[in-house]
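Undergrad: One structure, as structure tokens, below. Some questions next.
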Ligand code: MRU
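In this note's numbering, the protein residues as written are 861 to 1209.
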């Protein structure tokens, strides 16, 4: 299959959701067509679709698919069954708050919609499309605002990033990678350093793929090379995305983000988080309450078909960590570039 020039990880096509299968990149560009909400749930938990905003968008369409499968004309029965759809979609991945934000927004849309069940269904499809369109605009805004926050010297920057936060992780522009994209557009980017991002290698597999697609110069490093590169002076800024930001600015993101922030602090390299406000969980005072997903240990002990350690070993595979707000130079949102402690001034969206 030929690769389209603009990458959209989630597309609504006539009567179905079309996803890029991110588990198969970069070896193969394949799509998955989905008609039923339970298959959206499966696609989220198996990471066919991943990245906080993209998960939220997929779940929003999942809510519509679920609504379409509910066979009743009775409003109360419909809403009760839609809650069950929400529960199943919400049980897929615990950390990225965009998932719950999108599901709740869809539930409220259904509850507030006037008219017959058939009309509520159509309102839900329109809302899912709106969530997707908003994310595209929001990420472009984050890109533009992030550009202003970057160090003024040197003119062309080497920027390090972790995991994948690009088109594949959002509606189609990216958060941290969106800022990098905007820097490239403004002639301010020398090169991206992409952490490989063990154990699932989103940096090696997906970020480098996106950069090559968009002709963004990229150098792949393994996660444990960041300190060395910073000490050599090769990195001018680090920008990462987020899965959930607490009201005080503590930020959950892909495992390894915390150690990257510590290393950046030690070398006086500015450390930015780029995320839409839908990633801020104003209900959580601090990062302590953020649930951290643990994934299959096979992600750790197996590379391809090969097991890399002997039997008898125990495993611990948290997919995210929480970077304390004190290590974050600024949080780049669609409403401005904020010091972590300034987040509270913004009202929830
Ligand atoms: O486990 P993943 O691949 O879904 O984790 C993705 C990340 O940690 C991203 O940095 C985050 O979701 C922000 S994406 C714009």
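We treat Cβ as the ideally placed atom computed from N, Cα and C, and that holds for glycine.
May I have the straight-line CA-CA distance separating residue 1127 from residue 1028, to the nearest angstrom?
TA: In a straight line, the C-alpha of residue 1127 is about 30 Å away from that of residue 1028.
Undergrad: What separation, rounded to the nearest whole angstrom, lies between the Cα atoms of residue 1162 and residue 1060?
TA: Going by the C-alpha atoms only, they are around 11 Å apart.
Undergrad: Let me check one thing: in DSSP terms, what residues is residue 892 bridge-paired to?
TA: Bridge partners of residue 892: 879.
Undergrad: For residue 919 and residue 1006, which I take to be in contact (beta-carbon distance under 8 Å), what is that distance rounded to the nearest angstrom?
TA: Between residue 1006 and residue 919 the Cβ distance is about 26 Å, and since that is not below 8 Å, they are no contact.
Undergrad: Return the Cβ separation of residue 1049 and residue 1019 in integer angstroms, given the expectation that the two are a contact with Cβ distance under 8 Å.
TA: Yes, residue 1049 and residue 1019 are in contact; Cβ-Cβ is about 7 Å, under 8 Å.
Undergrad: Check the C-beta distance from residue 907 over to residue 882 and give it rounded, since I have them as a contact under 8 Å.
TA: About 6 Å separates the two Cβ atoms, so the contact holds.
Undergrad: Enumerate in chain order the residues of its own chain whose CB-to-CB distance from residue 1140 is below 7 Å, with the five nearest sequence positions on each side excluded.
TA: Same-chain partners within the cutoff: 1105 and 1203.
Undergrad: Are the Cβ atoms of residue 909 and residue 1103 separated by less than 9 Å?
TA: No.
Undergrad: Hey, residue 1137 and residue 1193 are a contact pair by Cβ (cut 8 Å); roughly how many whole angstroms apart?
TA: The Cβ separation is near 5 Å, so the contact holds.
Undergrad: Below 6 Å CB to CB, which residues in the same chain sit around residue 1044 once its five sequence neighbours on both sides are set aside?
TA: For residue 1044, where only same-chain residues beyond five positions count, the Cβ hits under 6 Å are 1076.
Undergrad: Of the residues 914, 872 and 1057, which one's Cα is nearest the Cα of residue 999?
TA: Nearest C-alpha to residue 999: 914.
Undergrad: With distances taken from CA atoms, which of 924, 1002 and 955 is nearest residue 968?
TA: Looking at the Cα atoms, 924 is the closest of the given residues.
Undergrad: For the ligand MRU, I want to know if residue 1100 counts as a neighbour, meaning its beta carbon is within less than 8 Å of at least one of the ligand's heavy atoms.
TA: Residue 1100 Cβ: within cutoff of the ligand MRU.
Undergrad: For residue 1103, verify whether its CB is less than 8 Å away from any heavy atom of the ligand MRU.
TA: It does: the Cβ of residue 1103 is within 8 Å (strictly closer) of some heavy atom of the ligand MRU.
Undergrad: Determine the direct distance from the alpha carbon of residue 1011 to that of residue 942, and round the result to whole angstroms.
TA: Those two C-alpha atoms are separated by around 47 Å.
Undergrad: Cβ of residue 1034 within 8 Å of any heavy atom in the ligand MRU?
TA: Correct: residue 1034 has its Cβ closer than 8 Å to the ligand MRU.
Undergrad: Taking contact to mean 3 or more Cβ pairs, one atom from each stretch, closer than 8 Å, check whether the stretch 1146–1156 and the stretch 1107–1122 are in contact.
TA: Taking 8 Å as the limit for Cβ pairs, the verdict is that the stretch 1107–1122 does touch the stretch 1146–1156.
Undergrad: Looking only at C-alpha atoms, which of 975, 972 and 903 sits nearest to residue 950?
TA: Closest option to residue 950, Cα to Cα, is 903.
Undergrad: Are there 16 or more other CB atoms within 10 angstroms of the CB of residue 1042, so buried, or fewer, so exposed?
TA: Residue 1042 should be labelled buried.
Undergrad: Can you say whether residue 1169 is buried or exposed, counting buried as having 16 or more other CB atoms within 10 angstroms of its CB?
TA: Exposed, because fewer than 16 other Cβ atoms sit within 10 Å of the Cβ of residue 1169.
Undergrad: Does the distance from the CB of residue 869 to the CB of residue 1068 come in under 9 Å?
TA: It is not a contact, given that the beta carbons lie outside the stated cut-off.
Undergrad: On a CA-only basis, which of 1072, 1014 and 1003 is nearest residue 1034? Give me that one, please.
TA: The candidate whose alpha carbon is nearest that of residue 1034 is 1003.
Undergrad: Report whether the distance from the Cβ of residue 915 to the nearest heavy atom of the ligand MRU is below 8 Å.
TA: Yes.
Undergrad: At the level of alpha carbons, what is the spacing between residue 871 and residue 966?
TA: Taking the straight line joining both Cα atoms gives about 18 Å.
Undergrad: Starting from the C-beta of residue 954, find all residues in its chain whose C-beta is less than 6 Å away, skip the five residues before and the five after it, and write them out in chain order.
TA: Within the same chain, residue 954 has close Cβ partners 1151 and 1153.
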